[in-house]
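Before any comments, here is the structure.
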Amino acid sequence: ADNMPEALRQSRYHMKRCFAKYIEKGKSRTRFNTFDRTLSAFLSQFFNILHSILIFLKHFDLVSCTDVNCFVVKSEQEAAVVPPHVAFAIRPSPGFWEYVKVSANDLSVEGISATEYLKFKEMTVDETWANDENALEIDFGAMDFSFPHLTLSNSIGNGVSYISKFLTSKLNSNTESAQSLVDYLLSLNHQGEKLMINETLNTVSKLQTSLIVAEAALSSLPKTTPYQSFEMRFKEWGFEKGWGDKAERVQDTIHSLSEILQAPDPLNMEIFFGRLPIIFNVVLFSVHGYFGQSDVLGMPDTGGQVVYVLDQVVALEEELLLRIKQQGLNMKPQILVVTRLIPDAKGTKCNQELEPVMNTKHSHILRVPFRTENGILRQWVSRFDIYPYLEKFTQEASKKIIEVMEGKPDLIVGNYTDGNLVASLMASKLDTTLGTIAHALEKTKYEDSDIKWKELDSKYHFSCQFTADLIAMNTADFIITSTTKKSQEGLYRMVSGINVFDPKFNIASPGADQTVYFPYTEKQKRFTTFRPAIEELLFSKVDNDEHIGYLEDRKKPIIFSMARFDIVKNITGLTEWYGKNKRLRNLVNLVIVGGFFDPSKSKDREEAAEIKKMHMLIEKYQLKGQIRWIAAQTDRRRNSELYRSIADTKGAFVQPALYEAFGLTVIEAMTCGLPTFVTNQGGPAEIILDRISGFHIDPNNGDESSDKIADFFQKCKEDTEYWNRISVQGLQRINECFWRQLYKSQKQARGTYIQTFYNLQFRNLVKNLAIKSDETPKQEPKQ
Ligand code: UDP
Ligand code: LCN
Numbered sequence: 015a016d017n018m019p020e021a022l023r024q025s026r027y028h029m030k031r032c033f034a035k036y037i038e039k040g041k042s043r044t045r046f047n048t049f050d051r052t053l054s055a056f057l058s059q060f061f062n063i064l065h066s067i068l069i070f071l072k073h074f075d076l077v078s079c080t081d082v083n084c085f086v087v088k089s090e091q092e093a094a095v096v097p098p099h100v101a102f103a104i105r106p107s108p109g110f111w112e113y114v115k116v117s118a119n120d121l122s123v124e125g126i127s128a129t130e131y132l133k134f135k136e137m138t139v140d141e142t143w144a145n146d147e148n149a150l151e152i153d154f155g156a157m158d159f160s161f162p163h164l165t166l167s168n169s170i171g172n173g174v175s176y177i178s179k180f181l182t183s184k185l186n187s188n189t190e191s192a193q194s195l196v197d198y199l200l201s202l203n204h205q206g207e208k209l210m211i212n213e214t215l216n217t218v219s220k221l222q223t224s225l226i227v228a229e230a231a232l233s234s235l236p237k238t239t240p241y242q243s244f245e246m247r248f249k250e251w252g253f254e255k256g257w258g259d260k261a262e263r264v265q266d267t268i269h270s271l272s273e274i275l276q277a278p279d280p281l282n283m284e285i286f287f288g289r290l291p292i293i294f295n296v297v298l299f300s301v302h303g304y305f306g307q308s309d310v311l312g313m314p315d316t317g318g319q320v321v322y323v324l325d326q327v328v329a330l331e332e333e334l335l336l337r338i339k340q341q342g343l344n345m346k347p348q349i350l351v352v353t354r355l356i357p358d359a360k361g362t363k364c365n366q367e368l369e370p371v372m373n374t375k376h377s378h379i380l381r382v383p384f385r386t387e388n389g390i391l392r393q394w395v396s397r398f399d400i401y402p403y404l405e406k407f408t409q410e411a412s413k414k415i416i417e418v419m420e421g422k423p424d425l426i427v428g429n430y431t432d433g434n435l436v437a438s439l440m441a442s443k444l445d446t447t448l449g450t451i452a453h454a455l456e457k458t459k460y461e462d463s464d465i466k467w468k469e470l471d472s473k474y475h476f477s478c479q480f481t482a483d484l485i486a487m488n489t490a491d492f493i494i495t496s497t498t499k500k501s502q503e504g505l506y507r508m509v510s511g512i513n514v515f516d517p518k519f520n521i522a523s524p525g526a527d528q529t530v531y532f533p534y535t536e537k538q539k540r541f542t543t544f545r546p547a548i549e550e551l552l553f554s555k556v557d558n559d560e561h562i563g564y565l566e567d568r569k570k571p572i573i574f575s576m577a578r579f580d581i582v583k584n585i586t587g588l589t590e591w592y593g594k595n596k597r598l599r600n601l602v603n604l605v606i607v608g609g610f611f612d613p614s615k616s617k618d619r620e621e622a623a624e625i626k627k628m629h630m631l632i633e634k635y636q637l638k639g640q641i642r643w644i645a646a647q648t649d650r651r652r653n654s655e656l657y658r659s660i661a662d663t664k665g666a667f668v669q670p671a672l673y674e675a676f677g678l679t680v681i682e683a684m685t686c687g688l689p690t691f692v693t694n695q696g697g698p699a700e701i702i703l704d705r706i707s708g709f710h711i712d713p714n715n716g717d718e719s720s721d722k723i724a725d726f727f728q729k730c731k732e733d734t735e736y737w738n739r740i741s742v743q744g745l746q747r748i749n750e751c752f753w754r755q756l757y758k759s760q761k762q763a764r765g766t767y768i769q770t771f772y773n774l775q776f777r778n779l780v781k782n783l784a785i786k787s788d789e790t791p792k793q794e795p796k797q
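Following UniProt numbering, the numbering of the sequence shown begins with 15 at its first residue and continues without gaps.
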């Protein structure tokens, strides 16, 4: 708002015409990239003023250069038009928004608050609601209390290291905090058995003295002396089990606590808290879809999450076993993945209550059915319609979990909106640490889903989804997200919704299981048994239930894509780009995996529409001979070999989604050494550096995207090393820690606010959703 009037004045005449054009059509809203296209279409008539407009945009760092032929809109933003005003929301960097209102009449500029911007934006849809002084306004910011927040965009997602630093300064500045640390240690136990310290060491000074005595005693012992040999002596001094398995480790742990109490520093803080025996029993919720270990992938609503959660369990159990051993304890960890039991399991094991998780010793999938007034619901339910069943599900699941675990869990983790909501309800009830995993916030997947929620609500029930996300994220003690892409606001006037500067946000990206996904060059490891099947899958010339279309010239490289047939995955978009681009068609073949071929057999509303569109496109662009469409695949080992076989053809993977939160297929393809093109909308753009580790494509600009793919293959023809160079990838994982008990009272106040919100808002929204009954005629989803 400060700089804008000056910038507008510099080219006042042109800017006035430009703004007059924006308000010409009356009320509207637009994202800046489309807004920008309106702008450039308009400007092509007035080429001479384009340059000054670009200078104007550059002023705000919204474009990367002022060359009229190549300008790129940089930050994410949108605009709302209510004549004679145009209001802009600008996100100069992740987590920061700025709002301004410009009058098209006199180009006067006014800086406005988030609430004012939201009201203005609402006016484009519903004026009565926008002007309603008493409309429900939610402000979670009011519950933020004294816990500090991160302030720099590049610190979003580094919550753990931030908290270590914060706790360090807190301990440095007052002695009460040190006492609360002692109290916290005193509270540690496993099923009633005390851990770390007992009442003998109930003050900071007593603890400090004993730590010194213990450290001195340990220094005279051989490093490998087992804890049991000095356990009795330690107990007399006030120490319980949990410090370590051998003298050396016990001494290290004792030393870091001594350091913390004497002169706190973030490094010792992280080491010490990371070693505490606090997690033995973990519950992971992944409610929707068909959650199983075989034959489920590619079924409706069943995608990356299943793969991710199962991988998570194996890794988590391994980590817990190692930690427990290093702590000198002998308890068994337990991990339960809790999901929905579906009696009509379509040949999967989703009707089994308890199933051991493969490659683990102590982990199980626990399935609990959905109940309605008529008893157990037998059929699959779309994730969009799932909300009315969740409260009962939580109650029943909680009972079952306590029964199976013989006690309450130490940590509950939710996945996706439904899992996160259930996890948050259960964690609040049992007062347990809660983690939520936010890889796919639907709000960002469906354009304008915040403001158009009413229109879309009957289909997708976004009102329930956004509300549930808000409740879960605000309840969570820590949040794992895969990337920094995220969103706020919505249905009620959200003054402060989800604070991404809260240190509880931690970025940890999922990876691909390296025993399954590995480079195509590792010949001795490859699953050669699948070779004949894959040869048939890709190159036979027959149409059957598993594949249609064929590849006339099998010498050409293949561009490959695989996804569930959601509209947002944009597989039909890719097919159309390919159909239209002659140069690309000459260079490569197209192979698609996903969906199946008879739309009338689909129970999923989006899937059926996408299947129909695929058939239409194959016809329209006469693609037979150049396209192979393979139905959804369920065997990940075979799929991995498929990625590698595509790499053998010197092909590429394309992820063309309109929006993708994370995109496991991108990681899978890259791990197999396949050059990859990813949508620039969402998380994958953070995985790949454009033109270095792969390529970005714009799903909203098919011509440009298909040209970019064609350029790549053209270049590969001219430079035989180019393909190999691009066949490189990297992925990073960050791990999270658990911080909760120290800030209990503030959490309680926030909890009350959330509970009120749940009861008054969420429950009402859910009431409007239809409850399924098993009597309704059913269509079979394809497996
Ligand atoms: N997948 C599969 N068969 C299919 C389509 C997808 O096995 O027909 C797998 C794919 O390999 C990946 C997951 O499903 O592991 C999809 O994850 P992604 O994150 O790409 O998308 P999501 O479906 O979770 O939105
Ligand atoms: C993420 C997944 O992994 C799938 O299971 C879900 O259905 C999808 O998000 C929903 O968008």
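Using N, Cα and C, we set each Cβ at its ideal position, and we do this for glycine too. Model, not experiment: these values are computed from the prediction.
{"Item": "K786, buried or exposed, once every other Cβ within 10 Å from all chains shown has been counted against 16", "Value": "buried"}
{"Item": "Simplified DSSP state of M345, which is helix, strand or coil", "Value": "coil"}
{"Item": "Cβ contact check for the stretch 564 to 581 and the stretch 535 to 546: 3 or more pairs under 8 Å", "Value": "no"}
{"Item": "Close-in-space but distant-in-sequence residues of the same chain around residue 844 (CB under 6 Å, 5 per side omitted)", "Value": "Past the edges of the chain, shown from 15 to 797, lies residue 844, and the structure says nothing about it."}
{"Item": "Beta-bridge partners of D704, as assigned by DSSP", "Value": "G708"}
{"Item": "Nonlocal neighbours in the same chain, by C-beta distance under 7 Å from I573, ignoring five residues either side", "Value": "V602, L604, G665, A666, V668 and I723"}
{"Item": "Alpha-carbon to alpha-carbon, L271 and V227", "Value": "13 Å"}
{"Item": "Rounded straight-line distance, which links the Cα of F102 to that of D309", "Value": "48 Å"}
{"Item": "Proximity test, T586 beta-carbon vs the ligand UDP heavy atom, cut-off 8 Å", "Value": "no"}
{"Item": "Under the three-state DSSP convention, the category P402 falls into", "Value": "helix"}
{"Item": "Local conformation of W394 per DSSP, three classes", "Value": "coil"}
{"Item": "Check: V321 C-beta below 8 Å from any heavy atom of the ligand UDP", "Value": "yes"}
{"Item": "Buried versus exposed call for N584 [16 or more other C-beta atoms within 10 Å across all chains shown]", "Value": "buried"}
{"Item": "Buried or exposed by the 16-neighbour rule on C-beta atoms within 10 Å, applied to Y430", "Value": "buried"}
{"Item": "DSSP state of P291 mapped onto helix, strand, coil", "Value": "coil"}
{"Item": "Beta-carbon proximity check, L209 vs W251, cutoff 9 Å", "Value": "no"}
{"Item": "Expected contact under 8 Å - CB spacing of F776 and A482 to nearest Å", "Value": "6 Å"}
{"Item": "Cβ-heavy atom distance, V680 to the ligand UDP, below 8 Å", "Value": "yes"}
{"Item": "Residues that G361 bridges to, as DSSP identifies them", "Value": "Paired residues: none, contrary to the question."}
{"Item": "Sequence-distant residues of the same chain with beta carbon closer than 7 Å to S117, five excluded per side", "Value": "P98 and H99"}
{"Item": "CB contact flag (L355, L404, <9 Å)", "Value": "no"}
{"Item": "Reference G708; option with closest CA among I740, K634 and V320", "Value": "I740"}
{"Item": "Of the listed residues E682, Y772, F727 and E254, nearest to L199 (C-alpha basis)", "Value": "E254"}
{"Item": "Cβ contact check for the stretch 635 to 650 and the stretch 556 to 566: 3 or more pairs under 8 Å", "Value": "yes"}
{"Item": "Contacting residues, own chain, Cβ-Cβ under 6 Å from G258 (five flanking each side not counted)", "Value": "V264, T267 and G342"}
{"Item": "Beta carbon of L688 nearer than 9 Å to that of D399", "Value": "no"}
{"Item": "Delimiting residues of the alpha helix (DSSP H) encompassing P546", "Value": "R545 to F553"}
{"Item": "N392: CB within 8 Å of a non-hydrogen atom of the ligand UDP", "Value": "Inspection of the sequence shows that residue 392 is occupied by Arg rather than by Asn. No, since every heavy atom of the ligand UDP falls outside the 8 Å radius drawn around the Cβ of R392."}
{"Item": "Nearest candidate by alpha-carbon position, reference C686, set F676, E536 and Y592", "Value": "E536"}
{"Item": "Cβ-based burial, Q242 [other Cβ within 10 Å; buried from 16]", "Value": "exposed"}
{"Item": "Host beta strand (DSSP E) of R642 (start-end)", "Value": "I641 to I644"}
{"Item": "Inter-stretch contact at 8 Å, needing at least 3 Cβ pairs: the stretch 356 to 370 / the stretch 292 to 307", "Value": "yes"}
{"Item": "Rounded C-alpha distance that separates K615 from R578", "Value": "15 Å"}
{"Item": "Unbroken stretches of the beta strand (DSSP E), 3 residues or longer, contained in the stretch 552 to 593", "Value": "572 to 576"}
{"Item": "Residue environment, N388, which counts as buried when at least 16 other CB atoms sit within 10 Å", "Value": "exposed"}
{"Item": "Within 9 Å, strictly: CB atoms of T446 and L425", "Value": "yes"}
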